[in-house]
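Step one of this worksheet: look at the structure below.
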Amino acid sequence: MSNTCCFHQIFLCWCLMVCFYSPVKSDELHLLLNLKSALNKSTTIVLDSWGEVNSICSFNGITCNDEGFVKEIELSGLKLTGVLPLDSMCQLQSLEKLSFGYNSLHGPISEELNYCVKLQYLDLGNNLFSGSFPDISSLTQLKSLHLNNCGFSGVFPWKMLGKMTKLTVLSLGDNPLDRSPFPNQIPKLKKLNWLYLANCSIEGKIPPAIGDLTELINLELEHNHLSGEIPMEISKLHKLWQLELFNNNLTGKLPVGLRNLTKLENFDASTNNLEGDISEVGYLNNLVSLHLYKNKFNGEVPPELGELKKLVNLSLYDNMLTGRLPQKLGSWSSFDFIDVSENLLTGPIPPYMCDKGTMRGLLMVQNRISGKIPATYGNCTTLKRFRVNNNSLSGVVPAGIWGLPVADIVDIAYNRFEGPITSDIKNAKEMGILSVGYNRLSGELPEVISEATSLVKIEINDNQFSGKIPQGIGVLKRLNVLKFQNNMLSGSIPESLGSCLSISDINMAGNSLSGKIPSCLGSLSTLNSLNLSRNELSGKIPGSLSTLKLNLFDLSYNRLTGPIPQTLSIEAYNGSLVGNPGLCSSTFRLRSFKRCRPDSSMSKDVRVLIVCLALGATILLASLGCFCIQRGLKEEKLVIH
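The numbering of the sequence shown is the working numbering, which starts it at 5 and goes up by one.
So this is what it looks like as structure tokens:
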């Protein structure tokens, strides 16, 4: 009897549970289908599983708790569009996670979000929302809040953060918010380990209380309007892995004690007004990336940087740093990139930065660096940018530099380099810019330069190059700038140059070029500047040049002859044609040139015809004269007889 009674009690409880839960689960199904309807214009197929025939716990992106109620909605990165129906979504009483990041959701976010009181994780980041973000002070259980790059504007309700003491992740950056001081609620969030407030219009000073956030591993405050000094208390954040402060108005020196951040791997304080030395960073033994460019730092580069085993990116350009670069710099790890341009650095280039064969960029522009280019960089086939222009470097350029297979720029201008450009340049298939001007380079340009088919700009001016211009230069269809001036080049200008239909600037002044100016240059409709002055060019100025619209045109000091084309006979070009005694003008607009004779504008065939007619007429008149004289003599004899 007792067993039967017990069975009936259990059965009754089961019936009550079914009667209670079934309507609730039915309600949750209705709420999810309402969400699907709001997103019905999305192109994703993820929501295809959302239907009445399936259990809600089997829906894609849905996670249920042990009782079968919706606990998590994870629909990030699915190209979803539409407006979120928060009023219905927040009726899911067990909802702890709501993730819609990296979609194309739009519209405002309503205050109904406050009804999702059990939320611990909220991600609306990287969407297209509009308007201001509401005060969601009710969500006191939040541990992660991602609202970055959402399109929110206006005043942000910073005060609500004071009630979210469980937050470990706060990401609000990249929103066009109204300017506000650094929120004083943030240093009170003691559990924070990730703080992203980049590009969200924060101004004023970084509060010393930032040092209370001792759990932080990531602190990003870049692209704001912060001013004042970096607080010394920041050195208390011993767990920091990343510190991003770039593009603000920070002043003063790097804080004493920065060296205590021994776990720091990425540090960027570039584009500020910081000053003093950078000795503190030499002790950050785990640094992988260091960016301090565009400041006012001075003093020497710390020799300890050469001992950092993990360093792969170093950018210190546009400061006032002095002394030598550590010679072991970049030798320990798979070094990637260095830019120390626009400083006052001296000494040689560190030779081992490409030892691991991974280096992509070497930029040391405008310093006082001396010595030779280490031969190791000629074998650095991963280099994409090699720029050491405006220094005091000398010697022969390693042959491999000319043929770096993936380099898009090689710039060694304004140094004291000697020797030739070698035939290795045929291997430079991706090189867009070759700039070697103002050196002491010599020899002939290799014909195989035409195999570097990506070349856009060739600047070899102000060197000692000799020989002829390669005939195959017309193969370089992308060529835009050609600067060959002030060398010792000879021979004629290649006709193939007329095939470089993208070219805008040709400068071959100050060489020993001879022969005629190719008429095909007149077909270069993009040409903006043409300077062929101070050569030994002869013949006439091609009439085709008259069609060009040039900002700079200079053919002065050659051996050109004949009439100046009508459209070039203007006062603006007067100085562009001087030094050619054989030129003449058929108009009065160029008074410094002699007037062309009337026949000087006639073709050669016409002039020959006129000469022949004149000669024929002369012979005819002479014959008639002889006939008349002979006839007169005969008549005189008859009279005598």
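The beta carbon of each residue, even a glycine, is placed where N, CA and C say it ideally should be. All of these numbers come straight from a predicted model, not from anything done at the bench.
Could you give the distance in angstroms between the alpha-carbon of S458 and the alpha-carbon of K314? One C-alpha to the other measures close to 35 angstroms.
Between which two residues does the beta strand (DSSP E) harbouring G519 extend? Note, G519: beta strand (DSSP E), S516 to G519.
Closest to Q189 by C-alpha separation, out of L181, P180, D182 and L199, would be which residue? The residue with the shortest Cα to Cα distance from Q189 is L199.
Local Cβ density within 10 Å of L625, reported as buried at 16 or more and exposed below that: With fewer than 16 Cβ atoms within 10 Å of its Cβ, L625 is classed as exposed.
CA nearest to the CA of N197, picked from S338, L171 and P211: Closest by alpha carbon: L171.
Can you tell me the Cα-Cα spacing of W406 and R444, whole angstroms? Each residue's alpha carbon lies about 16 angstroms from the other.
So, under 8 angstroms CB-CB, F104 and L79 are touching, yes? Tell me the CB distance rounded to an integer number of Å. Contact holds; Cβ gap of about 6 angstroms.
Could you pull the start and end residues of the alpha helix (DSSP H) that D91 belongs to? It spans L90 to M93 - the alpha helix (DSSP H) in which D91 sits, taken as one unbroken run.
If you draw a straight line from the C-alpha of C204 to the C-alpha of F137, how long is it? As the crow flies, the alpha-carbon of C204 is around 13 angstroms from that of F137.
Sheet register partners of N511 (DSSP bridge): DSSP lists K487 and N535 as partners of N511.
So, helix, strand or coil for L230, using DSSP? Of the three classes helix, strand and coil, the one that applies to L230 here is strand, per DSSP.
If you drop the 5 nearest sequence neighbours on each side, which residues of the same chain put their C-beta closer than 6 angstroms to that of P180? Here the set comprises S157.
Using the C-alpha atoms, what's the distance from P191 back to G155? Each residue's alpha carbon lies about 25 angstroms from the other.
Let me make sure I understand the geometry here. Which of T85, V285, M168 and F73 has the alpha-carbon closest to that of Q95? In terms of Cα proximity to Q95, the closest of T85, V285, M168 and F73 is F73.
How many angstroms separate the CA atom of G476 from the CA atom of I464? Approximately 17 angstroms between the Cα atoms of the pair.
Taking DSSP as the reference, what is the three-state secondary structure of H242? In the three-state reduction of the DSSP assignment, H242 falls in the coil class, being assigned neither a helical nor a strand state.
How would you call R420, buried or exposed, if buried means at least 16 neighbouring beta carbons within 10 angstroms? By the neighbour-count rule (16 or more Cβ atoms within 10 Å), R420 is not buried but exposed.
I405 lies in the beta strand (DSSP E); which residues open and close that run? Counting along the chain, no beta strand (DSSP E) covers I405; the unbroken alpha helix (DSSP H) around it starts and ends at A403 to W406.
So is K598 buried or exposed if we call it buried at 16+ other beta carbons inside 10 Å? It is exposed - the Cβ of K598 has fewer than 16 other Cβ atoms within 10 Å.
Exposure label - Q370; buried when at least 16 CB within 10 Å: Around the beta carbon of Q370, a 10 Å sphere encloses 16 or more other beta carbons of the protein chains shown; the residue is thus reported as buried.
Near S148, what residues of its chain come up, given a Cβ to Cβ distance below 6 angstroms and the 5 sequence neighbours on each side ignored? Excluding residues within five positions, the ones whose Cβ falls inside 6 angstroms are Y125 and V173.
Buried or exposed: where does M492 fall if 16 or more other Cβ atoms within 10 Å of its Cβ makes it buried? M492 is exposed by the Cβ-count criterion.
N- and C-terminal bounds of the beta strand (DSSP E) containing Y200: Start and end: W198 to Y200.
Alpha helix (DSSP H) segments (min. 4 residues) lying fully within the segment 139-219: Qualifying alpha helix (DSSP H) stretches: none in this window.
Verify whether the separation of the beta carbon atoms of I77 and L102 is less than 8 angstroms. For I77 and L102, yes; Cβs fall inside 8 angstroms.
Rounded separation between I377 and L265 - CA only: Taking the straight line from one Cα to the other gives about 36 angstroms.
Residue from C68, R482, P89 and L128 with nearest C-alpha to E100: Of C68, R482, P89 and L128, the residue nearest in Cα terms is C68.
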